[in-house]
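Numbering (full-length UniProt numbering), first residue to last: 1 to 118.
Quick reminder that beta carbons are idealized off the backbone N, C-alpha and C, glycines included.
Predicted, not measured: the structure shown is a model, and the values here were computed from it.
Structure, as structure tokens:
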Amino acid sequence: MLMLDCNSEDCLGEAPIHKAAKAGSLECLALLVAGDAKIDLCNNSGQTAADLALAYGFLECAKFLMTIQHTQTMKLKGQSGWSLSDKHGLLREDPTAQKQESKTSRSISRKRRRSDGV
1 MLMLDCNSED
11 CLGEAPIHKA
21 AKAGSLECLA
31 LLVAGDAKID
41 LCNNSGQTAA
51 DLALAYGFLE
61 CAKFLMTIQH
71 TQTMKLKGQS
81 GWSLSDKHGL
91 LREDPTAQKQ
101 ESKTSRSISR
111 KRRRSDGV
């Protein structure tokens, strides 16, 4: 069986994820992401797959790639305040993270009021 590296680049510096983005193939992008393709890989012109998807008019592909990239970034940072919650794969803020943030803001406000003597 022939195995291809999903991050191998051609003479333009484009990997399969760039080609799938230019073709507007959401299915191929999903398979490549599942196969550990590097989403932030830039071609020789400095463009990511998301950049190419936008340039070629494939908005749904660009949104998918940006959502996956953001999710991976959040996982690396150890923050999970965002989730893939709608059928279009758009980022939505996690309500539990909003509640936590709200509680934190309130406790900070109270501290400020106390130190101001109010």
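(request) Below 8 angstroms CB to CB, which residues in the same chain sit around Gln72 once its five sequence neighbours on both sides are set aside? (result) Stepping through the sequence shown from its first residue, residue 72 is reached at position 72. Closer than 8 angstroms at Cβ, skipping near neighbours: Ile39.
(message) Taking a contact to mean a Cβ-Cβ separation below 8 angstroms, would you say Leu32 touches Cys6 in this structure?
(response) Here residue 32 refers to the residue found at position 32 when the sequence shown is read from its first residue. Here residue 6 refers to the residue found at position 6 when the sequence shown is read from its first residue. The answer is yes: Cβ separation under 8 angstroms.
(message) Rounding to the nearest angstrom, what Cα-Cα distance links Gln69 and Ala53 in this structure?
(response) Along the sequence shown, one-based indexing puts residue 69 at 69. Along the sequence shown, one-based indexing puts residue 53 at 53. So the alpha carbons of these two residues sit roughly 14 angstroms apart.
(request) Run the CB neighbour count on Glu14, radius 10 Å, all protein chains shown included, and call it buried at 16 or more, exposed below. (result) Taking the first residue of the sequence shown as 1, we reach residue 14 at position 14. Counting Cβ neighbours within 10 Å, Glu14 comes out buried, since at least 16 surround it.
(request) State buried or exposed for Leu59, treating a residue as buried only when at least 16 other CB atoms are found within 10 Å of its CB. (result) As a working mapping, residue 59 is identified with position 59 in the sequence shown. Leu59 comes out exposed.
(request) Classify residue 126 as buried or exposed, calling it buried when 16 or more other Cβ atoms lie within 10 Å of its own Cβ. (result) This structure gives no information on residue 126, because the portion of the chain shown stretches from 1 to 118.
(message) I'd like the ranges of any alpha helix (DSSP H) spanning at least 4 consecutive residues and lying wholly in the UniProt repeat "ANK" (12-44).
(response) 16-23 and 26-34
(request) Using a Cβ cut-off of 8 angstroms (strictly closer), state whether Asn44 contacts chain D. (result) You won't find chain D in this structure, because it holds only one protein chain.
(request) Within 10 angstroms of the Cβ of Ala55, are there 16 or more other Cβ atoms? Answer buried if so, exposed if not. (result) Mapped onto the sequence shown, residue 55 falls at position 55. With fewer than 16 Cβ atoms within 10 Å of its Cβ, Ala55 is classed as exposed.
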